[in-house]
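See structure below.
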Amino acid sequence: MISGFFIERPIFACVVSAFIVIAGLGGLRALPVSAYPDIIPPQVSVNAVYPGADAETIAETVAGPLEQEINGVEGMLYMNSISAGNGSLTINVTFAVGTDPDLATINVNNRVQIALPRLPEEVRRQGVTVVKASTSILQLISMHSPGGRIDQAAIGNYALLHVVDELRRVPGVGDVQMWGREYSMRVWLRPDKLAELGLTPGDVAEAIRQQNSQFASGRVGAAPMNEGVDFTFAVTAEGRMSDPAQFESIIVTTTDAGAIVRLRDVARVELGAQSYDFDAQVNGEPNVYIAVFLQPGANALETGSAIEQRMNELAVDFPDGLEFSIPYNTNKFVELSIKEVVKTLFEAMVLVFIVVLLFLQRWRATMIPMLAVPVSLIGTFSAMYLLGFSINMLTLFGMVLAIGIVVDDAIVVLENVERIMHEEHLPPYEATIKAMRQVTGPVIAIVLVLCAVFVPVAFVGGMTGVMYQQFAITIAVSVAISGLVALTLTPALCALLLKQEDKAQFGWLQAFNRWFGRITGRYTKGVTFFLRHGVLT
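FYI, the numbering for the sequence shown is 5 to 541, going by our numbering.
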């Protein structure tokens with residue numbers, strides 16, 4: 005009998021339970037926190053740019069070859085593409101729930117590399133990016149200028165240079181996207197001048213591309229030079245331009261008469277926003293949004309706190325007239341939800357303690373089954389960590405439900421020990437040995453029956469299965485641990501702590517016992533009546 009080993013070695017039984025608790029506390033510290041289990045299918049985003057092309061051209065020349073190669077990648081559910089009139093293409097590939105997002109990104113990137121030779125040269129020059137698409141927005145940060153002292157493009161440029169990269173380095177952040185305007189040199193062509201000179205927009209773009217480049221200018225004094233050169237130094241030439249006047253001086257072409265046609269002759273150059281598709285204001289003031297996405301498996305609460313701390317540090321160096329706020333923060337909902345469930349968890353434990361005390365009516369007897377509750381629940385966190393679960397609404401609700409279940413095994417053992425002590429007048433040690441011979445089988449059967457009810461839920465497919473998998477497994481694991489505790493710690497404590505004494509230790513329980521005795525007597529009479537008159541039942 006397994007219980008006899010632990011009854012004779014109560015210290016070892018306590019060590020086993022302590023190990024379960026320590027393992028559970030370690031898992032608790034490492035578990036991520038979220039509102040619900042991760043049920044969103046992972047996505048991989050493929051982005052490309054074809055400057056000057058319309059949506060139809062992009063769909064035929066860029067989206068077509070990419071979709072043809074990506075289609076059928078391992079684990080893919082479906083994909084959709086967006087070909088925009090501004091020359092951009094976005095292909096979102098959605099994978100089955102449970103697919104490793106890193107592996108999915110690699111597989112999609114391999115397919116994209118196969119399609120690259122079939123894409124237009126300009127698209128290849130701009131580059132095709134393959135990234136993990138983050139779909140879970142953790143926070144939305146607003147950067148604005150009270151009084152409108154800083155325009156939207158300047159705010160966006162500052163955020164892009166000094167904020168976005170800093171937030172990407174925060175542990176737990178999966179992606180950071182800026183929704184706003186950023187500085188760009190805009191060239192407004194004059195169609196009449198182009199037609200007069202026989203030029204096309206492509207000619208202007210090619211001239212800008214060639215003359216707005218950084219080249220290696222070489223070295224002076226490098227071999228093979230004539231003897232007598234004492235020094236060698238690198239030549240640094242001005243490459244990329246940054247001022248509208250510099251762009252205006254770009255030579256576009258020359259006329260037959262030898263006149264030089266510069267960019268200022270066929271276009272207007274100014275420093276503006278790269279795109280005017282996005283516009284946002286806060287109380288009528290210029291605003292830029294920064295969307296922060298949570299990394300899969302990261303702790304939402306810790307990541308959110310780290311982001312706020314980092315933003316407060318960055319705000320010290322903000323220019324005058326620039327402020328930030330966080331109008332959208334999912335952590336507030338998570339914190340309130342988790343707090344309410346934890347409150348319910350403690351309330352359930354208090355109610356279970358009161359009910360157990362009310363019927364066992366002795367402190368020693370009450371504490372034995374109540375010790376099984378924290379050991380079983382805390383130990384469950386270690387299994388949750390090993391299974392890749394998170395602390396969320398469903399796992400905590402599972403623990404709330406498990407409180408009333410895990411205490412049953414210990415009560416079965418305790419009640420049988422007390423019955424034998426009372427009826428056969430045996431000392432606690434001998435009564436526990438005899439009781440465990442009688443209830444070991446039923447306790448194991450109880451655990452197996454309850455696990456047989458909840459474990460199959462974990463094999464339900466689809467999004468519903470993912471939703472309730474953690475709920476069911478949490479209950480099953482806590483029940484299994486409670487069965488182990490009922491066969492190890494509970495009998496050891498019964499043999500060690502129980503004493504021969506009257507049940508009622510509190511005067512106010514006498515009234516409850518009289519009332520409960522009357523209820524029990526009436527119930528017994530009713531059952532006896534129906535047993536004697538089986539026709540009525």
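C-beta atoms are modelled at their ideal positions from N, C-alpha and C, and glycine is treated no differently. This structure is a prediction, so every number in the text was calculated from the model and none was measured.
Q.
Helix, strand or coil for TYR54? Go by DSSP, reduced to three states.
A. Looking at TYR54 - three-state DSSP - the assignment turns out to be coil, as it is neither helix nor strand.
Q | Beta bridge counterpart(s) of GLN285 as assigned by DSSP | A | In the DSSP secondary-structure assignment, GLN285 is bridged to PRO290.
Q.
Which residue wins for smallest C-alpha separation from ALA499, given the options ALA484, THR532, ILE448 and GLU422?
A. Of the listed residues, the one whose Cα sits closest to ALA499 is GLU422.
(Q) I need the boundaries of the alpha helix (DSSP H) containing ALA119, first residue and last residue. (A) It spans 105 to 119 - the alpha helix (DSSP H) in which ALA119 sits, taken as one unbroken run.
Q | DSSP-derived helix/strand/coil call for PRO228 | A | Coil at PRO228, not helix or strand.
Q: Kindly list the residues whose CB is nearer than 8 Å to the CB of PHE282, restricted to its own chain and excluding five residues on each side of it in sequence; keep chain order.
A: For PHE282, where only same-chain residues beyond five positions count, the Cβ hits under 8 Å are TRP183, GLY184 and ARG185.
Q | Selection from GLN278, THR259 and GLY276 that minimises the alpha carbon distance to ASP269 | A | Checking every option, the nearest Cα to that of ASP269 belongs to THR259.
Q.
Whether or not the region 39 to 55 and the region 460 to 477 are in contact is what I'm after, with contact meaning three or more pairs of Cβ atoms, one per stretch, closer than 8 Å; do they touch?
A. Under the 8 Å Cβ criterion, the region 460 to 477 counts as touching the region 39 to 55, having at least three qualifying pairs.
Q: For GLN4, name the three-state secondary structure that DSSP assigns.
A: What is shown of the chain runs 5 to 541, which leaves residue 4 out entirely.
Q: Consult DSSP for GLY89 and reduce its assignment to one of helix, strand or coil.
A: In this structure, GLY89 counts as coil in the three-state DSSP scheme.
(Q) My output table needs one value for ASN84: the three-state DSSP class, helix, strand or coil. (A) If DSSP states are grouped into helix, strand and coil, ASN84 belongs with the strands.
Q. Going along the chain, which unbroken runs of the alpha helix (DSSP H) with 4 or more residues stay wholly within the region 317 to 404?
A. 334 to 364 and 367 to 390, all fully within the region 317 to 404.
Q) In the region 119 to 204, which residue ranges form an unbroken alpha helix (DSSP H) of at least 4 residues, counting only runs that do not cross its ends? A) Correct list: 125 to 130, 156 to 166, 168 to 172 and 195 to 201.
**Q.** Contact under 8 Å by Cβ, ALA435 with CYS455
**A.** In this structure, the beta-carbon distance from ALA435 to CYS455 does not fall below 8 Å.
Q) Quick one: Cα of GLU252 to Cα of ARG172, how far? A) Spanning the alpha carbons of GLU252 and ARG172 requires a straight line of approximately 37 Å.
Q: Could you tell me if THR528 is buried or exposed, where buried requires 16 or more neighbouring beta carbons within 10 angstroms of its beta carbon?
A: Result: exposed.
**Q.** Exposure of TYR82, with buried meaning 16 or more beta-carbon neighbours within 10 Å
**A.** Residue environment analysis places TYR82 among the exposed positions, since fewer than 16 neighbouring C-beta atoms fall within 10 angstroms of its C-beta.
Q: Please determine if the region 211 to 225 and the region 288 to 300 are in contact, where contact requires at least 3 C-beta pairs separated by less than 8 Å.
A: At 8 Å Cβ cutoff, the stretches do not touch.
Q | ILE255 in three-state terms, based on DSSP | A | The DSSP-derived three-state label of ILE255 is strand.
Q) How many angstroms separate the CA atom of ILE74 from the CA atom of LEU298? A) When rounded, the separation of the alpha-carbon atoms in ILE74 and LEU298 is 26 Å.
(Q) For LEU400 and SER380, I'd like the C-alpha separation in whole angstroms. (A) The straight-line gap from Cα to Cα measures roughly 13 Å.
Q. According to DSSP, what are the bridge partners of ILE95?
A. Per DSSP, the beta-bridge partners of ILE95 are VAL50 and SER85.
Q) Roughly how many whole angstroms lie between the Cα atoms of ASN84 and ARG129? A) Taking the CA atoms as reference points, ASN84 sits about 24 Å from ARG129.
Q: Could you spell out where the alpha helix (DSSP H) holding VAL453 opens and where it closes?
A: According to the DSSP assignment, VAL453 belongs to the alpha helix (DSSP H) that extends over 432 to 458.
**Q.** PRO533, DSSP secondary structure in three states
**A.** As written in the sequence, residue 533 is Phe, which differs from the Pro given in the question. Helix at PHE533.
Q | Terminal residues of the beta strand (DSSP E) in which ILE15 lies | A | First-last for ILE15: 14 to 34, but that is the alpha helix (DSSP H), not the beta strand (DSSP E).
Q: Taking only the alpha-carbon atoms, compute the straight-line gap between PHE134 and GLY301 and give it to the nearest angstrom.
A: Per the sequence presented here, residue 134 reads as Val, with Phe not at that position. In this structure, the alpha-carbon of VAL134 lies about 21 Å from that of GLY301.
Q. In or out: MET403 buried (at least 16 other Cβ within 10 Å) or exposed?
A. So MET403 counts as buried.
Q: Count the other C-beta atoms from every protein chain shown that fall within 10 angstroms of the C-beta of ALA249, then say buried if there are 16 or more, exposed otherwise.
A: So ALA249 ends up on the exposed side.
Q. Mind checking ARG244: buried by the 16 CB within 10 Å criterion, or exposed?
A. Result: exposed.
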